[in-house]
Each structure stands twice: as C-alpha cells, then as structure tokens.
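Novice: Dropping the structure in here first, questions after.
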C-alpha cells in the first residue's frame, strides 16, 4: 500500500513539474519571439597579443632566470560568429557562438616544479621550480567561445559591451632523454570587451571590437607517455595567460 502511494505521489509530482516546465518554456519562447529575434553571421580578421606571466617573487623560491615574462604578438587570426539579436526599443542583447582560427600557433615555456610539495604560507602558495628544466606549452590553432553582446542602438551605430567565455586546448610536453611526459588541458578564460557595429546597408554592417581575456592556470600533473606513474610525477608550475584581441568583421543580419 505504501509503495502504491509513493508511486502515485511521484507521478503527481512529475506531472506538475512537466506542466511547469511547459508553461515556462512557452513563456520564454513567446517573450523571445516578441523581442523580434534577428539571426546573424559574421566573419572577419583580427590581431592578438599574448602575455604569459609566471608566478615568481613571493610565490616561488626560484629566480626569474630563463623564464620571466613573455609578451608575444601581434598575431593574425580569423573568426566566424553566429548569433541572434533580441531588441526591445533601442536596447538589444545578442547571444553568440564563435570559432577563432589562429594563423600563428604560439609556443611558450612554463617552469617545472622541482619538488612536488605545495604548501600554504599565510595566504600565499609556496613551491620550488627546477633551475634547468621547463615544460613546453603549445596552444591549439582554434578557440571556441560563446557569450552575449549587450548594447544600445543609435540609428546606424550600435555600441555594445561584450561578455563571454573562450576555450582553447593547450598541449604540455616535457622530454628528458628517452622520458617524455605529456598532457592536454582545456583553458577556459573569461573574456570581456567593447565594440560597435555600423550599418552599411539594410542587412550588412561593419563590426569592430576590442576584447580581453585572462586565466590563471593551476598546477598541472603530466603523465608519462608509456607507463603512467612509473617515473614519478612531473608538475607544471602555475602561470597566468592574458590576451588582448582587436578584430574587424562584416556581419550579415537575416530579416533585418
């Protein structure tokens, strides 16, 4: 009897939940349709600079020699963006998805932790890096991103604030003699910036933007290529990667 009651109660809850989800989805789609969605596609070119900062000074017992701070660029890249613009009077929000192709595949070196013992001293993380060995990091040619434009319409000019998340795979490699350690890890960076579109015709507009991204990579353990763990651990020291990107593109808006 108790089992039947529980099944009845579960069915009632599922029915109420499905009704609520149906009503909520209907409200969301009807509201979105009332805001007159305008899908768009954009392609363009840009240039980016990258800065790699290693956590030395109070964070590390080893000197800066051999690593320091790397500033690279500008490097050419291309992008394809698809999205939709939802407008209410002069305000608009445009969610988007982006694929960015890097014409130059940058490599940089990261210090290798000589002792696998991280400990906190006050509020600061302490560790030691190796004076001779380092890890080579190689970002992939492509970067995926998504986010939203939030802006205001001044006739043909539409300035906006851009917020999003960019994801890029980075391959790490350390070789010493016949020993080789590797790892692949996605770096997810919060990005923000400003820009504007200017209407050239009824459907075509010119877009220009300035975008910043920053991410601190935590210590990463590399695995041996053949037998994981046989030769001990290889740990990549933490570092911060910051990117500045300037891009220009043409945007075609459907049904504008």
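Residue numbers (the working numbering): 143 to 398. Beta carbons are placed, not taken as given, at the ideal position from N, Cα and C, and that holds for glycine.
Do the stretch 240-256 and the stretch 318-335 make contact, defined as three or more Cβ pairs closer than 8 Å?
Specialist: The stretch 240-256 vs the stretch 318-335: no contact.
Novice: Taking Cβ to Cβ, would you say residue 394 is nearer than 8 Å to residue 234?
Specialist: Contact: no.
Novice: DSSP on residue 382, reduced to helix/strand/coil?
Specialist: The answer is strand: DSSP assigns residue 382 an E or B state.
Novice: How about residue 182: is its Cβ closer than 7 Å to a heavy atom in the ligand ATP?
Specialist: Ligands displayed in this structure: none; no statement on the ligand ATP is therefore possible.
Novice: By the three-class DSSP mapping on this structure, what secondary structure does residue 387 have?
Specialist: Residue 387 falls in the strand class under three-state DSSP.
Novice: Residue range of the beta strand (DSSP E) that residue 351 falls in?
Specialist: Counting along the chain, the beta strand (DSSP E) containing residue 351 begins and ends at 346-359.
Novice: Please list the segments of the beta strand (DSSP E) lying wholly inside the stretch 222-258, counting only runs of 3 or more residues, in order along the chain.
Specialist: 233-244 and 250-255, all fully within the stretch 222-258.
Novice: Let me know the secondary structure DSSP gives residue 325 once reduced to three states.
Specialist: Strand.
Novice: Within 10 angstroms of the Cβ of residue 304, are there 16 or more other Cβ atoms? Answer buried if so, exposed if not.
Specialist: That one is buried.
Novice: What's the call for residue 383, buried or exposed, on a 16-neighbour Cβ count within 10 Å?
Specialist: Result: buried.
Novice: Tell me, please, which residues DSSP counts as bridged to residue 189.
Specialist: Per DSSP, 218 and 388.
Novice: Starting from the C-beta of residue 308, find all residues in its chain whose C-beta is less than 6 Å away, skip the five residues before and the five after it, and write them out in chain order.
Specialist: Result list for residue 308: 285, 287, 331, 333 and 355, in chain order.
Novice: Just mark residue 265 as buried or exposed, buried being the case when its beta carbon has 16 or more other beta carbons within 10 Å.
Specialist: For residue 265, the predicted model reports a pLDDT of 49, less than 50, meaning its position is unreliable; a value from the coordinates is still stated below. Exposed, because fewer than 16 other Cβ atoms sit within 10 Å of the Cβ of residue 265.
Novice: Please classify residue 219 as buried or exposed, where buried requires at least 16 neighbouring CB atoms within 10 angstroms.
Specialist: When all chains shown are included, residue 219 counts as buried.
Novice: Within 10 Å of its beta-carbon, does residue 343 have 16 or more other beta-carbons around it, so buried, or fewer, so exposed?
Specialist: Under this definition residue 343 is an exposed residue.
Novice: Could you please give me the residues that DSSP links to residue 331 through a beta bridge?
Specialist: DSSP, once it has assigned bridges, lists 308 as partnering residue 331.
Novice: For residue 279, name the three-state secondary structure that DSSP assigns.
Specialist: If DSSP states are grouped into helix, strand and coil, residue 279 belongs with the strands.
Novice: Is residue 396 helix, strand or coil by DSSP?
Specialist: If DSSP states are grouped into helix, strand and coil, residue 396 belongs with coil.
Novice: When you compare each of 239, 389 and 216 to residue 225 by their alpha carbons, which one comes out closest?
Specialist: Ranking 239, 389 and 216 by Cα distance to residue 225 puts 239 first.
Novice: To which residues does DSSP link residue 299 through a beta bridge?
Specialist: Partner(s): 296 and 340.
Novice: Near residue 275, what residues of its chain come up, given a Cβ to Cβ distance below 6 Å and the 5 sequence neighbours on each side ignored?
Specialist: Excluding residues within five positions, the ones whose Cβ falls inside 6 Å are 254.
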